[in-house]
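Residue numbers (the working numbering), protein chains in the order written: chain A, 26 to 320; chain B, 4 to 426.
If you want it as structure tokens, here you go:
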């Protein structure tokens with residue numbers, strides 16, 4: 026009976042698995058297969074199998090390595106800023122105060138702005154001559170920084186814009202997590218004389234760890250694959266200061282080099298998977314072996 | 004079988020034959036597909052001002068011919084990518100508005116127009132503009148909108164200082180220096196120094212003038228030479244005499260620097276000059292002079308003609324040709340140059356339009372445009388040129404951002420060219 030039920034359960038899973046296979050795995054395998062070919066759209070009759078030649082080409086290309094570094098810096102910077110700001114806001118909004126609801130709605134507004142529109146707006150704000158940001162900075166005697174044309178500032182600028190857009194997401198996820206934490210544990214900690222910091226460190230953080238991990242994983246994967254904001258704000262420049270793996274992929278794909286473009290896509294997937302694994306290990310404590318039962 | 008049964012069988016058989024005949028009539032026999040008879044064309048077009056000019060005049064064509072044109076417009080940065088992807092996968096375009104460097108790479112997917120062109124009177128076209136649509140002896144596209152770099156200068160400021168427009172690159176640097184006064188927010192020249200493609204083209208035109216070639220006669224990279232170095236040094240010197248934020252400048256920012264009266268000179272494509280003469284947008288309209296870009300060992304303004312081509316796999320070749328003829332006609336050219344200026348312009352490849360007194364009044368730079376077109380130099384006509392130009396763009400971006408020094412950049416440009424050409 027139990028075996029029959031298990032078989033039936035697996036049968037019910039089958040349509041969903043087939044659907045996932047069709048929309049996820051098939052394109053992925055096709056992409057991996059294409060990455061093994063030298064396929065240039067301009068020469069459709071000259072498609073050659075090159076094995077791992079495209080991957081070897083990438084490994085030997087300093088521009089590709091630089092793109093990995095830029096992507097890692099951007100992802101780390103953006104996720105850390107967004108996580109800390111989102112957590113801070115979530116803790117703040119977990120306390121009752123007047124006008125909490127309307128302020129919370131206002132805080133979420135950037136989430137609803139189309140990324141390209143938001144980035145275009147920031148491009149105007151950052152404009153060195155007519156931008157509102159430099160106008161006020163100049164009024165304060167702080168000069169007119171070249172937000173998008175200075176190689177160091179450009180990376181900071183795109184990180185700021187990404188943070189503006191996605192801090193509300195972090196806030197939303199962590200705030201939802203905080204709202205469902207059991208009040209009894211905090212009361213017990215207070216009875217035991219725990220300070221606010223001790224209560225946060227030893228009660229809130231462990232209980233919120235899974236939520237934090239989900240938020241970090243989602244944002245980490247998104248930031249690693251960020252494209253639209255960088256495309257609109259800097260196009261990967263100045264020089265290659267903000268050329269991420271996605272920008273490099275866009276350039277290669279735009280020139281019709283399908284094999285190399287797909288190889289970059291597969292490498293991106295591998296890097297994102299590795300990043301997720303590292304985050305998983307870092308955030309979640311290792312599982313302890315079950316304690317032996319007392320005789 | 005009885006007689007009545009036989010009669011019934013004949014009647015049933017007749018109905019079957021009639022039904023089969025009706026079915027056969029409904030199925031098209033071998034021949035041109037239904038779409039070949041269609042009067043709707045799909046055009047891949049550059050989005051923005053040039054698209055506006057076309058849309059404003061398109062009803063005339065549609066009324067005259069009964070052919071409907073559906074425009075699929077994309078911004079400059081995406082247009083080549085979209086066209087390449089569409090053409091190489093048997094896409095849907097009948098017509099393509101192409102920047103001239105794209106003609107060689109995409110020629111494989113374009114219909115040769117030589118026989119059709121023989122039926123046209125080509126004597127009115129500026130000869131160099133016709134060459135923009137040719138590759139390896141075949142004509143794949145016709146010129147629609149000829150563009151070329153011009154030297155734009157403030158006549159009023161030059162008169163105040165008693166200076167003449169510079170004729171050589173050394174004079175250009177000296178003149179820019181004479182006008183450069185950052186304390187008064189007055190700068191010598193407006194060009195771009197960003198990762199925009201325009202920056203690479205400024206460098207290239209300066210190198211050309213010194214005698215260097217991006218791809219030399221042996222088919223190898225040719226800028227890591229004394230001539231290339233001299234051209235690059237002049238370009239870098241000019242960046243020092245430009246507004247402080249040129250490292251984020253694109254095409255429109257060069258216009259803005261002139262329109263706001265910040266720069267005494269600019270090297271800009273002719274299509275950018277029209278908005279500079281718009282009194283509602285420009286504080287210096289009517290105060291500008293136009294001449295050829297300076298020379299060194301030779302005078303080589305860069306040619307950049309927008310052309311119209313027909314996809315080889317289009318089922319509407321005849322209708323597409325009707326559109327191509329209209330789009331390159333004197334009639335369209337006259338209407339296009341009279342369209343109110345906004346951010347860019349469409350000119351005409353026809354001598355009669357550019358020499359027309361009305362045109363000369365509307366476009367104060369028409370004479371410089373025509374003179375420049377006659378001596379303009381084309382970028383290398385190679386199938387691999389899009390790759391070479393993109394490599395040039397990114398290397399020049401590294402140079403202007405300080406990631407590469409001049410010597411390393413010149414070597415890198417040539418190495419990339421050789422790698423792409425398999426040399």
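All C-beta atoms in this analysis are idealised placements derived from N, C-alpha and C, irrespective of residue type, glycine included.
Subject >> Of the residues A/116, A/139, A/106, A/135, the one placed nearest residue 245 of chain A, counting alpha carbons only >> reply: A/106
Where do the N-terminal and C-terminal ends of the alpha helix (DSSP H) with residue 272 of chain A fall, by residue? 270-279
- Kindly say whether residue 232 of chain A, judged by its beta-carbon, lies nearer than 8 Å to any beta-carbon of chain B. no
Checklist entry - What is the residue span of the alpha helix (DSSP H) that residue 75 of chain B lies within? => result Note, residue 75 of chain B: premise wrong, no alpha helix (DSSP H); beta strand (DSSP E) at 71-77.
Report the residue from B/422, B/219, B/357 whose alpha carbon sits nearest the alpha carbon of residue 382 of chain B. B/219
Can you tell me whether residue 260 of chain A is buried or exposed? The criterion is at least 16 other CB atoms within 10 Å of its CB, across all chains shown.
buried
Tell me the DSSP secondary structure of residue 426 of chain B in three-state form. It is coil, neither helix nor strand.
Is residue 73 of chain A close to chain B, meaning its C-beta is less than 8 Å from at least one C-beta of that chain?
no
Leaving out the 5 sequence neighbours to the left and right, which residues in its chain are closer than 6 Å to residue 174 of chain B when beta-carbon positions are compared?
Counting only Cβ-Cβ distances below 6 Å, and skipping sequence neighbours, we find nothing.
Determine, for residue 174 of chain A, whether the minimum Cβ-Cβ distance to residues of chain B falls below 8 Å. yes
* Asked: Do you know offhand how far residue 136 of chain A's Cα is from residue 142 of chain A's?
  -> Going by the C-alpha atoms only, they are around 12 Å apart.
Between residue 309 of chain A and the rest of its own chain, which residues show a CB-CB distance below 7 Å, the 5 nearest in sequence each way excluded?
234, 238
Q. Hey, residue 198 of chain B and residue 400 of chain B are a contact pair by Cβ (cut 8 Å); roughly how many whole angstroms apart?
A. Yes, they are in contact, since the Cβ atoms of residue 198 of chain B and residue 400 of chain B sit about 3 Å apart, within 8 Å.
Length at least 3, wholly inside the stretch 143-179 of chain B: the beta strand (DSSP E) runs in chain order: Segments of the beta strand (DSSP E) lying fully in the stretch 143-179 of chain B: 144-148, 152-157.
By how many angstroms is the C-alpha of residue 296 of chain B removed from the C-alpha of residue 170 of chain B? 8 Å
In the structure shown, what three-state DSSP assignment does residue 159 of chain A receive? helix
Practice item. Spell out a yes or no on whether the stretch 229-249 of chain B and the stretch 327-339 of chain B are touching, meaning 3 or more CB-CB pairs, one atom from each, closer than 8 Å. Key: no
For this session: Determine the contact status of residue 448 of chain B and residue 97 of chain B, defining contact as a CB-CB distance below 8 Å.
Result: It is not possible to answer for residue 448 of chain B, since the shown part of chain B is limited to 4 through 426.
Going by DSSP in three states, residue 63 of chain A sits in which element: helix, strand or coil? strand
> Hey, would you say residue 187 of chain A sits closer than 8 Å to residue 251 of chain A, going by beta carbons?
Replying inline: Contact flag set, yes.
Residue 397 of chain B CB to nearest chain A CB: under 8 Å?
Judged by the 8 Å Cβ criterion, residue 397 of chain B is in contact with chain A.
Check your understanding: For residue 286 of chain B, which residues from the same chain have a beta carbon less than 6 Å from its beta carbon, with the 5 sequence-adjacent residues on both sides left out?
Key -> Around residue 286 of chain B: 264.
Helix, strand or coil for residue 219 of chain A per DSSP? Residue 219 of chain A sits in coil when the DSSP states are folded into three classes, being neither helix nor strand.
Can you tell me whether residue 161 of chain A is buried or exposed? The criterion is at least 16 other CB atoms within 10 Å of its CB, across all chains shown.
With fewer than 16 other Cβ atoms inside 10 Å of its own Cβ, residue 161 of chain A counts as exposed.
Buried/exposed call for residue 163 of chain B, threshold 16 Cβ in 10 Å: exposed
Note to self: Once the 5 residues before and after residue 132 of chain B are set aside, which same chain residues still bring their CB inside 6 Å of it?
What the structure shows: Around residue 132 of chain B: 146, 149, 308, 352.
Any 3 or more C-beta pairs closer than 8 Å across the stretch 181-198 of chain B and the stretch 258-275 of chain B:
Yes, they touch.
- Check whether the Cβ atoms of residue 245 of chain B and residue 190 of chain B lie closer than 8 Å to each other. yes
Query raised in the report: Which chain A residues sit within Cβ distance under 7 Å of residue 251 of chain B?
Result: 153, 171, 173, 174
**residue 256 of chain A - containing alpha helix (DSSP H), residue span** = For residue 256 of chain A, the uninterrupted alpha helix (DSSP H) run begins and ends at 253-258, by DSSP.
What does residue 198 of chain B touch in chain A if you count any residue whose Cβ is under 7 Å from its own? Result: 260, 261, 262, 263, 264.
ask   = Would you call residue 227 of chain A buried or exposed, if buried means 16 or more other Cβ atoms sit within 10 Å of its Cβ?
value = Exposed is the call here.
Discussion item. Beta carbons nearer than 9 Å to chain A: which residues of the stretch 88-110 of chain B have them?
Written reply: Residues are counted here when their Cβ sits less than 9 Å from a Cβ of chain A; for the stretch 88-110 of chain B these are 88, 90, 91, 92, 108, 109, given in chain order.
Own chain residues within Cβ distance below 7 Å of residue 332 of chain B, not counting five before or after:
none
*asked:* Can you pull the chain A neighbours of residue 386 of chain B, defined as C-beta to C-beta under 7 Å?
replied: 67
Q: For the stretch 106-134 of chain A, list the alpha helix (DSSP H) runs that are entirely contained and at least 4 residues long, ordered along the chain.
A: 125-133
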